[in-house]
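Anchor point for the sequence shown: position 125 equals 310 in our numbering, and the numbering is continuous, going up by one each time. Below is one structure, written out as structure tokens; comments come after it.
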Amino acid sequence: MATPIVSVVIPVHNAMPYLLKGIESLLGQSIGKDRLEVIAVDDGSTDGSGEALDKFAASEPDCVRVVHQEASGTPSVPRNRGIELARGKYVFFLDADDYLGVEALERMVEMAEENESDVVLGKLVSVNGRGVARSMFERDMPSADLYSTRVYWNLPCLKLFRRSMLEEHGLRFPTDRRFIEDLLFTIQAYYHARNISVVGDYDCYYVVLREDGGNLTSGGMKAPEHFQQSEGTHLQLLVDLVGDLVPAGPKQDYLMRRHWEVEGLNEIRRLLKDPTDESRRLRFEALRDLVLRRYTPGAGANLPVVRRVYYELIIEDRLDDLMRLLREPADLVFAGRGDRVYATLRGYEDAVAPEPGPWLDLSESLEVRHWFKGVRFTPEALRIEGTGRIAPIPSDLIGVRLEAVHSATGEVVAVDVAHEDGHFTAEFDRAALLAHGKGAWRFEVVVTVGETERRAPFGGRLGGGLQGKTRPRPAAVAGGRRLVLDYAKGANQLQVNVEARFTARRIVKSAARRAGLGRVKARLAKPRQQPSGVQAVRVARPI
Numbered sequence: 186m187a188t189p190i191v192s193v194v195i196p197v198h199n200a201m202p203y204l205l206k207g208i209e210s211l212l213g214q215s216i217g218k219d220r221l222e223v224i225a226v227d228d229g230s231t232d233g234s235g236e237a238l239d240k241f242a243a244s245e246p247d248c249v250r251v252v253h254q255e256a257s258g259t260p261s262v263p264r265n266r267g268i269e270l271a272r273g274k275y276v277f278f279l280d281a282d283d284y285l286g287v288e289a290l291e292r293m294v295e296m297a298e299e300n301e302s303d304v305v306l307g308k309l310v311s312v313n314g315r316g317v318a319r320s321m322f323e324r325d326m327p328s329a330d331l332y333s334t335r336v337y338w339n340l341p342c343l344k345l346f347r348r349s350m351l352e353e354h355g356l357r358f359p360t361d362r363r364f365i366e367d368l369l370f371t372i373q374a375y376y377h378a379r380n381i382s383v384v385g386d387y388d389c390y391y392v393v394l395r396e397d398g399g400n401l402t403s404g405g406m407k408a409p410e411h412f413q414q415s416e417g418t419h420l421q422l423l424v425d426l427v428g429d430l431v432p433a434g435p436k437q438d439y440l441m442r443r444h445w446e447v448e449g450l451n452e453i454r455r456l457l458k459d460p461t462d463e464s465r466r467l468r469f470e471a472l473r474d475l476v477l478r479r480y481t482p483g484a485g486a487n488l489p490v491v492r493r494v495y496y497e498l499i500i501e502d503r504l505d506d507l508m509r510l511l512r513e514p515a516d517l518v519f520a521g522r523g524d525r526v527y528a529t530l531r532g533y534e535d536a537v538a539p540e541p542g543p544w545l546d547l548s549e550s551l552e553v554r555h556w557f558k559g560v561r562f563t564p565e566a567l568r569i570e571g572t573g574r575i576a577p578i579p580s581d582l583i584g585v586r587l588e589a590v591h592s593a594t595g596e597v598v599a600v601d602v603a604h605e606d607g608h609f610t611a612e613f614d615r616a617a618l619l620a621h622g623k624g625a626w627r628f629e630v631v632v633t634v635g636e637t638e639r640r641a642p643f644g645g646r647l648g649g650g651l652q653g654k655t656r657p658r659p660a661a662v663a664g665g666r667r668l669v670l671d672y673a674k675g676a677n678q679l680q681v682n683v684e685a686r687f688t689a690r691r692i693v694k695s696a697a698r699r700a701g702l703g704r705v706k707a708r709l710a711k712p713r714q715q716p717s718g719v720q721a722v723r724v725a726r727p728i
């Protein structure tokens with residue numbers, strides 16, 4: 186019997202009739218049966234799944250191998266049994282409810298072979314509304330960095346693994362957990378992998394939601410009486426594993442962010458379901474101990490503001506305030522004090538301060554975001570359209586104004602604008618722009634939160650109808666001067682140049698330059714019998 190390139194391990198427990206489609210999808214793989222080994226481990230099924238597997242094995246003895254064992258209560262035991270029996274260069278894990286696209290294994294093995302990958306993710310597809318991760322499958326990625334891409338947001342074990350990597354590091358599924366056992370396995374595989382790849386341009390794996398709710402990951406695998414689960418919440422086990430594997434710093438923060446975002450939020454929301462105040466306090470204290478031990482500002486930096494406030498309230502031992510915010514999200518408010526901006530609960534606005542309290546200081550993470558969307562001169566004004574926001578503050582809580590600053594005098598012409606979700610139109614009076622003589626007016630957008638403001642040069646980012654087009658450069662004449670739209674500082678800031686008055690001398694010099702006459706002397710000759718009001722102009726060409 187030829188050695189297969191890939192071994193597919195299927196843990197099976199009462200999976201009929203979904204099991205049939207999954208096995209048939211394997212036997213129809215484009216990689217070919219001669220390169221494929223199917224290892225189905227029947228974990229105490231009572232619905233005919235074991236008998237159905239035996240029929241497949243009888244009809245495909247060179248490809249399908251079936252093992253029967255007593256019910257273990259966890260997918261870990263049959264998966265580990267499959268790893269021990271596997272002969273392929275790669276091991277792929279398929280749940281018995283799911284099925285594969287025809288070219289799935291061929292494409293994933295090819296990706297691994299070409300890029301020396303130890304882990305390959307195949308694009309997931311939801312069936313019957315089953316939730317799946319999608320953000321990491323936008324395109325093929327021959328080499329996906331664990332600490333900067335979205336691959337870590339996909340932790341189920343439904344992937345291709347190099348078997349030698351599993352053996353080298355002794356990677357197996359924990360047998361004392363009925364849930365998140367595959368997340369704990371995958372985290373270690375990701376950490377040890379020399380390279381991780383993604384097949385994103387083909388629908389590889391179809392994740393099925395069973396109508397009877399019997400999916401293994403949803404509690405369809407009943408625990409026998411002898412099963413004993415280890416202590417610890419999902420969040421605790423996951424963040425402790427990451428904290429023990431990855432040294433403290435930006436890489437650890439990046440991975441931890443996923444767990445505070447997902448499992449951490451789940452654990453916080455469980456506080457709403459505790460039946461008594463005492464049980465809620467016990468859960469809160471255990472969560473607080475974990476947060477104090479493992480949560481860092483770097484890990485929380487890119488979380489939504491409300492979730493960062495949750496963790497700040499936990500750190501400050503504010504259970505009552507946390508419960509209030511969970512029940513009334515609208516009580517989250519923002520307060521500007523001096524040059525600082527805080528997120529807090531309604532009622533604490535006047536108390537916010539740099540010292541710790543039931544608030545979160547957002548000052549270092551504020552970012553002015555702006556887009557230049559249109560410009561034109563009207564008979565009386567310069568009209569500029571744009572957008573100004575300040576992340577992460579909701580737009581209905583900010584003020585916006587556009588300022589023109591004169592490059593020579595420092596004089597400021599400011600226009601406070603009404604805005605809708607940050608979108609505004611500002612009109613600058615042309616007479617005001619001309620009043621300070623020759624020079625340039627450079628534009629800045631100013632966004633305010635209470636008494637706090639942030640500003641940025643305006644005009645470098647094109648949005649709306651200007652996006653992808655040439656930067657507009659309209660001009661106008663007023664009061665004998667030209668107003669010309671231009672861009673300063675490497676095209677990152679919009680400006681309006683106020684050019685000198687138009688005179689005969691200026692016109693002549695400009696015409697001479699365009700004619701390529703080099704250095705030109707232009708003088709006004711005395712009029713010779715010219716009609717009244719007309720001057721003769723003579724241009725002297727250098728010899």
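Don't be surprised by glycine CBs; every beta carbon is placed ideally from N, CA and C. All values derive from a computational prediction rather than experimental measurement.
According to DSSP, residue i sits in a beta bridge with which residue or residues?
i: Lys308; result: Asp388
i: Phe557; result: Gly571, Leu647
i: Thr529; result: Val518, Trp544
i: Asp671; result: Gln680
i: Val194; result: Ile224, Phe278
i: Ser382; result: Val305
i: Thr633; result: Gly584, Glu638
i: Val537; result: Val537 is not bridged to any residue.
i: Lys187; result: This sequence places Ala at residue 187; Lys is not what is there. Partner(s): none; Ala187 has no beta bridge.
i: Trp338; result: According to DSSP, which records beta bridges pairwise, Trp338 is partnered with nothing at all.
i: Ala566; result: Asp614
i: Glu605; result: His608
i: Phe628; result: Ala589
i: Ala576; result: Glu552
i: Ala620; result: Ala620 pairs with nothing; no bridge assigned.
How far does the alpha helix (DSSP H) with residue i in it reach, from first residue to last?
i: Gly584; result: Run containing Gly584: none in the alpha helix (DSSP H); it sits in the beta strand (DSSP E), 584-591.
i: Asp474; result: 462-479
i: Asp614; result: From DSSP, Asp614 is part of no alpha helix (DSSP H) but of the beta strand (DSSP E) over 608-614.
i: Asp601; result: Not the alpha helix (DSSP H): Asp601 falls in the beta strand (DSSP E), residues 597-602.
i: Trp445; result: 435-446
i: Val424; result: 419-430
i: Ala374; result: 366-377
Quick one: is residue i buried, meaning 16 or more other Cβ sit within 10 Å of its Cβ, or exposed?
i: Ser261; result: buried
i: Gln652; result: exposed
i: Ala484; result: buried
i: Ile195; result: buried
i: Asn677; result: exposed
i: Ile500; result: exposed
i: Pro539; result: exposed
i: Glu291; result: buried
i: Asp462; result: exposed
i: Ser349; result: exposed
i: Glu366; result: buried
i: Ser403; result: With a pLDDT of only 48 at Ser403, under the threshold of 50, the placement of this residue in the model should not be trusted; the figure read from the coordinates follows. The residue is exposed, with fewer than 16 neighbouring Cβ atoms inside 10 Å.
i: Asp524; result: exposed
i: Glu683; result: According to the sequence shown, residue 683 is Val rather than Glu. With 16 or more other Cβ atoms within 10 Å, it is buried.
i: Ser464; result: exposed
i: Thr529; result: buried
i: Pro514; result: exposed
i: Leu467; result: exposed
i: Val597; result: exposed
i: Ser230; result: buried
Just to confirm the assignment, what range does the beta strand (DSSP E) spanning residue i have?
i: Leu345; result: 345-347
i: Arg266; result: Where Arg266 is concerned, there is no enclosing beta strand (DSSP E), although the alpha helix (DSSP H) it sits in stretches over 261-270.
i: Val249; result: 249-254
Could you give the C-beta distance for residue i and residue j, rounded to a whole number, given that I count them as a contact under 8 Å?
i: Arg357; j: Gly258; result: In fact, because the Cβ distance is near 16 Å, the residues do not count as touching under 8 Å.
i: Phe628; j: Phe609; result: Contact flag wrong, Cβ pair sits at about 12 Å.
i: Asp227; j: Leu238; result: 6 Å
i: Val634; j: Leu582; result: 7 Å
i: Glu570; j: Gly584; result: Actually they are not in contact, since the Cβ atoms of Glu570 and Gly584 sit about 18 Å apart, beyond 8 Å.
i: Tyr390; j: Leu285; result: 6 Å
i: Ser234; j: Ala256; result: Contact flag wrong, Cβ pair sits at about 12 Å.
i: Ala187; j: Asp219; result: 6 Å
i: Leu475; j: Val424; result: 7 Å
i: Lys344; j: Val305; result: 6 Å
Quick one: is residue i near chain C, going by C-beta distance under 9 Å?
i: Leu511; result: No chain C appears in the structure shown, which is made up of a single protein chain.
| task | Only counting runs of 4 or more residues, tell me where the alpha helix (DSSP H) segments fall wholly within the stretch 207-237, in order along the chain. | result | none
| What are the complete beta strand (DSSP E) segments, minimum 3 residues, inside the stretch 278-336? | 304-312
| Which parts of the stretch 478-510 are runs of the beta strand (DSSP E), unbroken and 3 residues or longer, counting only runs that do not cross its ends? | none
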